[in-house]
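First to last, the protein sequences are chains A and B.
When you number the first sequence by our numbering, it's gap-free, plus one each residue, and the end is 180.
When you number the second sequence by our numbering, it's gap-free, plus one each residue, and the end is 1180.
What follows is a short report on a single structure.
2 protein chains.
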Amino acid sequence: MSQTMKDKILQAAEDRVRGAGFAEMSFRDLAKDVGIKSASVHYHFPTKPDLGEALVQRYAEQFEVHLEKIDQDDLQKALDGFVALYSQALVLNESICLCAVMGAEAIGLPENVNQRTKAFFAMNKTWLEHLFTRHGIEDAGDKAGLVVAALEGGMIVASASNDRTLFDRVARTAMASITI
Amino acid sequence: MSQTMKDKILQAAEDRVRGAGFAEMSFRDLAKDVGIKSASVHYHFPTKPDLGEALVQRYAEQFEVHLEKIDQDDLQKALDGFVALYSQALVLNESICLCAVMGAEAIGLPENVNQRTKAFFAMNKTWLEHLFTRHGIEDAGDKAGLVVAALEGGMIVASASNDRTLFDRVARTAMASITI
DNA sequence: TCATATCTACCTATCAGTAGGTAGACAACC
DNA sequence: GGTTGTCTACCTACTGATAGGTAGATATGA
C-alpha cells in the first residue's frame, strides 16, 4: 500500500499546520519534506486554498472513520473513545487538532477552507448528539456542542500551558456534567 | 488622554492578530495602520517576540480590570458578566479572543509569548474558581477549567462556522452545568 | 506493429511581493 | 548636548505563483 505523492504532501502539510498554523506552512517546506520541488507541489495543489481545503477534508474523513469504529451502545465506552480521539490529537509541543488551528485562524482563511472546518465541527457534534439521544439524555444537541467546544478549547489551553493534565481535567469534568 | 504611539501600535497589532493570527501580522502592516514607517515600529518593539509578549500582557491586564469590575457576590450576575466578556471578544468575521489565537498557534510561537498566554488562562480559571468556592460549589477548580475551555472552544467553533448562536448555546449550557 | 499524440509527474528558472531586521541621518525637546 | 522618536535606505531571506521544458508511461490510429 504505497502512498501517493499527493498523500505524502497532505501528510506533511497536516504535520506542519497542526504544529505551527496554516499561515506558517509554505510550499517550499512541504517540497523539502517530501523530496520534490515547490513547483511540483503546485502541480498537485494549484493554490494554497486548494491545499487547505483538501487537508481539512482528508482530516475530517479520517476522523469519521474513527468515529464509526468507536460507535457503540455503551455510553461510557463511547464517550471514553471520543475523548481518546481528541486526546491522541494532542501531543505537547508537536500538534493539536487540525481544526482547532484552522478554527482559530478562520477569520483570515479562505472561505472554502472554513466550510470544511465548519463541517468537521458539525460532524462531531452530530455524532455526540445521536449518542446522547439514544440514551435519553436531555438537551442532547446543546450538550454535544458543549463537549466539542470544551475538548477543542481544552486542547488549546493545555497546549499553550504545556500541561497535558489541563486537557484531561477538562475532558473528565465535561463528561461528568453529561453522564450525571 | 492621548494614546502613545506604543499603545497605538499594540492596538493595531491586537486587531490584526485577533483577525488573522500572529504569523499573518507584519511590522509593515502595523506601520501603515498607525501612520509611521516599519523601522519606527522596530524602535518601540525590537523584535516580533517582544511585540507578541507585550501584546498578550496588555490584553491580560485589560481583561483583569474587567474581571475586577464584574466581581460581585451574586453568582448568576457574576457568571453573566464573565460570559459577556467573552461574548464581546467574539465579533464574527472580525475577531476572537487574542489568547484563543495565541493558544492555537502556541507550538510555533516564542516561549515568552506562550508564558503570557498561559498566565491569561490561569488568571481566568482562578477568578472563576474563587467565585465557585465562595458559593460552595464542589470541584471548583475543575469546573472553572471547564468553563474557560468551553468558552474559548465555543468561540473558535462559532467563528469558523460563522454562527454566533453556537457560542451562545455553549455558554448557556456550560453555565447550566455549573449552577444546577 | 510502429508512429503519433497525449498525459503524468516532475524539473529549472524566475517573478513580483513581502518578511523581519539594521545603519545612520535628522529633528524636536528637556 | 544628550535623549527620544522618526525617517530614508537598505539587506537577506522567503513567499505563492508562473513559464517553459522533459522523461517516461499510456493511449490512439494506420
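Don't be surprised by glycine CBs; every beta carbon is placed ideally from N, CA and C.
{"Asked": "For residue 52 of chain A and residue 1069 of chain B, I'd like the C-alpha separation in whole angstroms.", "Found": "42 angstroms"}
{"Asked": "Would residue 1103 of chain B and residue 160 of chain A be called neighbours here (beta carbons separated by less than 7 angstroms)?", "Found": "yes"}
{"Asked": "Output yes if chain A places a C-beta closer than 7 angstroms to the C-beta of residue 1112 of chain B; else output no.", "Found": "no"}
{"Asked": "Just mark residue 1043 of chain B as buried or exposed, buried being the case when its beta carbon has 16 or more other beta carbons within 10 Å.", "Found": "exposed"}
{"Asked": "Helix, strand or coil for residue 26 of chain A, going by three-state DSSP, please let me know.", "Found": "coil"}
{"Asked": "Among B:1167, B:1116, B:1179, which residue has its Cα nearest to the Cα of residue 162 of chain A?", "Found": "B:1116"}
{"Asked": "How should residue 1174 of chain B be labelled, buried or exposed, when 16 other C-beta atoms within 10 angstroms of its C-beta is the threshold for buried?", "Found": "buried"}
{"Asked": "Looking at residue 1148 of chain B and residue 1118 of chain B, is the spacing between their C-beta atoms short of 7 angstroms?", "Found": "no"}
{"Asked": "Classify residue 111 of chain A: buried if its beta carbon has 16 or more other beta carbons within 10 angstroms, exposed otherwise.", "Found": "exposed"}
{"Asked": "Taking the alpha helix (DSSP H) that residue 67 of chain A belongs to, which residues open and close that run?", "Found": "48-70"}
{"Asked": "For residue 25 of chain A and residue 1008 of chain B, I'd like the C-alpha separation in whole angstroms.", "Found": "30 angstroms"}
{"Asked": "Quick one: which chain B residues come within Cβ less than 9 angstroms of residue 47 of chain A?", "Found": "Correct list: empty, because the minimum Cβ distance to chain B is about 17 angstroms."}
{"Asked": "What residues from chain B crowd round residue 37 of chain A, counting only those whose CB sits closer than 8 angstroms?", "Found": "In chain order: nothing, as chain B lies at least about 24 angstroms away."}
{"Asked": "Quick one, are the C-beta atoms of residue 101 of chain A and residue 1145 of chain B less than 7 angstroms apart?", "Found": "no"}
{"Asked": "Since I believe residue 78 of chain A is in contact with residue 71 of chain A (beta carbons under 8 angstroms), could you give me their beta-carbon distance rounded to a whole number of angstroms?", "Found": "7 angstroms"}
{"Asked": "Could you tell me which of A:131, A:154, A:105 sits nearest to residue 143 of chain A, measuring between CA atoms?", "Found": "A:131"}
{"Asked": "Is the separation between the beta-carbon of residue 19 of chain A and that of residue 95 of chain A shorter than 7 angstroms?", "Found": "yes"}
{"Asked": "Excluding sequence positions up to five away, which residues of its chain have a Cβ less than 6 angstroms from the Cβ of residue 30 of chain A?", "Found": "9, 12, 13, 41"}
{"Asked": "List, in chain order, every chain B residue whose beta-carbon is nearer than 7 angstroms to that of residue 169 of chain A.", "Found": "1142, 1145"}
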